[in-house]
Amino acid sequence: MPLRLYNTLTQELEEFRPMRDNTVRMYTCGPTVYNYVHIGNLRTFTFQDILRRWLRYRGFELDHVMNITDVEDKIIANAAKQGKTLEEYTEVFTKAYFEDATALRLQRPEQIAKATDHIGEMVQAIEKLSEKGCTYTSDGSTYFRISTFPEYGKLSHNDFSGIRSGARVDMDEYEKADARDFVLWKGRKNEEPYWHTPLGDGRPGWHIECSAMAMKYLGETLDIHAGGIDLAFPHHENEIAQSESITGRPFARFWIHSEHLLIESQKMSKSLGNFYTLRDLLAKGYSPESVRYLLASVPHRKKLNFTFDGLNAANASIERLRNVESRLKAEKLETGIDETNRQQTAEALRRYEESLDDDLNTAEALGVVFEFVRDVNSALDEGRFREENRAGALKVLAAFDQIFDVLRPSHESHELDDAGVERYIEERAAAKKARDFARADEIRALLHDKGIVIEDTREGIRWKRK
Ligand SMILES: [Zn+2]
Numbered sequence: 021m022p023l024r025l026y027n028t029l030t031q032e033l034e035e036f037r038p039m040r041d042n043t044v045r046m047y048t049c050g051p052t053v054y055n056y057v058h059i060g061n062l063r064t065f066t067f068q069d070i071l072r073r074w075l076r077y078r079g080f081e082l083d084h085v086m087n088i089t090d091v092e093d094k095i096i097a098n099a100a101k102q103g104k105t106l107e108e109y110t111e112v113f114t115k116a117y118f119e120d121a122t123a124l125r126l127q128r129p130e131q132i133a134k135a136t137d138h139i140g141e142m143v144q145a146i147e148k149l150s151e152k153g154c155t156y157t158s159d160g161s162t163y164f165r166i167s168t169f170p171e172y173g174k175l176s177h178n179d180f181s182g183i184r185s186g187a188r189v190d191m192d193e194y195e196k197a198d199a200r201d202f203v204l205w206k207g208r209k210n211e212e213p214y215w216h217t218p219l220g221d222g223r224p225g226w227h228i229e230c231s232a233m234a235m236k237y238l239g240e241t242l243d244i245h246a247g248g249i250d251l252a253f254p255h256h257e258n259e260i261a262q263s264e265s266i267t268g269r270p271f272a273r274f275w276i277h278s279e280h281l282l283i284e285s286q287k288m289s290k291s292l293g294n295f296y297t298l299r300d301l302l303a304k305g306y307s308p309e310s311v312r313y314l315l316a317s318v319p320h321r322k323k324l325n326f327t328f329d330g331l332n333a334a335n336a337s338i339e340r341l342r343n344v345e346s347r348l349k350a351e352k353l354e355t356g357i358d359e360t361n362r363q364q365t366a367e368a369l370r371r372y373e374e375s376l377d378d379d380l381n382t383a384e385a386l387g388v389v390f391e392f393v394r395d396v397n398s399a400l401d402e403g404r405f406r407e408e409n410r411a412g413a414l415k416v417l418a419a420f421d422q423i424f425d426v427l428r429p430s431h432e433s434h435e436l437d438d439a440g441v442e443r444y445i446e447e448r449a450a451a452k453k454a455r456d457f458a459r460a461d462e463i464r465a466l467l468h469d470k471g472i473v474i475e476d477t478r479e480g481i482r483w484k485r486k
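Residues 21 to 486, numbered by the working numbering, are exactly what the sequence shown covers, in order.
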């Protein structure tokens, strides 16, 4: 059976293969580095990692570009509050993102593109749109006129035909009800950072960033564009309008989106106090492998209910897999082959691959693996398992770990080192400055759990270990 992926654009499961040669040209929207990424974001990045790994398992080469959004509304507001330049502000969170990605074993995309390194490309893209008559300016800003793109709405499957032409929206993020002409270039405002360009002094809007960078590195038509479902509208819809207006060709063949993450069946939010970063979970003593396993265990098109019971269960599942692997490696076995087990092994590998070929059905793939583990354990217990069964069984586990990547224990300490404490203290100070007192209290409690006492003194913040 060929690999099939659900395409948001056509709303159908479609057979996937790259358009040219054997290389998959893929673009994914990366982190907006205004804060530490939360586990909802990490669900999306983990899904993209599973997708990457499965494409490779199936023998495709990858050219995967991920952007880093290091200029947009929230970043500018936060940097200004802290009296920092954009670069000073975003550097910390960019570094933190890659630390989290490494802990979660996310493979690094072939190319990482920072928005602020591509202002020239964005300006050129906007100029091309202007030549095609898709833009207008107002108060020093340039807008995309969505009435020039009749297919607007084709990705999010919304009918926007009735919207009023000429009404504008300046924010980077907005709701469906606010679908209006969106901003491509924001004219310079007060003290905000700006670039001096032929479009005037200002800065790019968020949406043009991805169109310009994706086409620079991957060409006019991508094989896959992926992201979280919350990006489908307006961000991806706007990317399509911009890119297709410039080239007259389809921007991406497959649009793949991952669903939301819930915490204990509730929406994650700072006000509910159920907002977690990876650092929070590691500080509570969970391993990065458990987090990765839990995030990967639910197929990307289903909502994922993240619970602490689920994390504990993930941990137990990983233990079970590690145990069977060490038994398989260490036990002395009689020579020969057990035919039943040989068949079970071949069947397990076939069904495992079929599950992932079916729109990356990770839940079903895990079901197959655990059924197999049960069979192996009982064959070993009953002395039926033979020397010539060993390699095949280990191959199933290797196929599992090539995608899920949790068998190798992480030797990183989960204790907070001094730098880790300092990072939390910095984050708490930033939260207080931003009047996010819930987060500030949460960090104090979290540090307290780790035996760290912080004192706000006139000279600044002091901390010590109990
Ligand atoms: Zn994007």
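Ideal Cβ placement from N, Cα and C applies to all residues, glycine included.
These figures come from a predicted structure and were not determined experimentally.
Cβ distance (whole Å) where residue i is taken to contact residue j below 8 Å
i	j	result
D243	F202	Contact doesn't hold; Cβ gap of about 26 Å is too wide.
T168	G153	7 Å
L126	D192	That belief does not hold up - the Cβ atoms of L126 and D192 are roughly 25 Å apart, past 8 Å.
R45	E35	Wrong, their Cβ atoms sit about 17 Å apart, outside the cutoff.
E259	H227	6 Å
A303	L417	Actually they do not touch by this definition, with Cβ atoms about 31 Å apart.
S161	G103	At roughly 26 Å, the Cβ-Cβ gap does not stay under 8 Å, so S161 and G103 are not in contact.
Test item: CB-CB of residue i and residue j under 8 Å
i	j	result
R406	L353	yes
M233	H58	no
T217	I139	yes
R312	Y26	no
A460	K452	yes
T48	T89	no
V519	D179	Outside the modelled stretch of the chain, which goes from 21 to 486, sits residue 519, for which no answer is possible.
N61	F113	no
W205	I423	no
P319	L238	no
D235	S265	First, the amino acid is wrong: residue 235 is Met here, not Asp. Cβ distance not < 8 Å, so M235 and S265 don't count as in contact.
R394	N361	no
T157	F164	no
S375	V388	yes
S430	S307	yes
L106	T64	no
E229	I96	no
G400	E367	In the sequence as displayed, the identity of residue 400 is Leu instead of Gly. The answer is no: Cβ separation not under 8 Å.
S278	T382	no
N325	L282	yes
D159	G220	no
As assigned by DSSP and simplified to three states, the class of residue i
i	result
K196	helix
Q286	strand
I357	coil
L62	helix
E345	helix
D90	coil
M142	helix
K236	helix
H280	coil
A133	strand
P38	coil
L71	helix
Y54	coil
L251	helix
P218	coil
H245	strand
S158	strand
R406	strand
K486	coil
G412	helix
H84	strand
A308	Here the sequence assigns Pro to residue 308, which means Ala is not the residue at that position. If DSSP states are grouped into helix, strand and coil, P308 belongs with the helices.
A272	strand
D378	strand
D395	helix
K206	strand
I183	coil
V1	With the chain covering only 21 through 486, there is no way to say anything about residue 1.
F420	helix
L436	coil
Residue i CB to nearest heavy atom of ligand 1 below 7 Å
i	result
N87	yes
Closer than 7 Å: residue i CB and nearest ligand 2 heavy atom
i	result
F328	As far as ligands go, the structure on display features ligand 1 and does not contain ligand 2.
#### Entry: Residues with C-beta closer than 5 Å to any heavy atom of ligand 1, in chain order
Every residue whose Cβ sits closer than 5 Å to any heavy atom of ligand 1 is listed here in chain order: C49 and C230.
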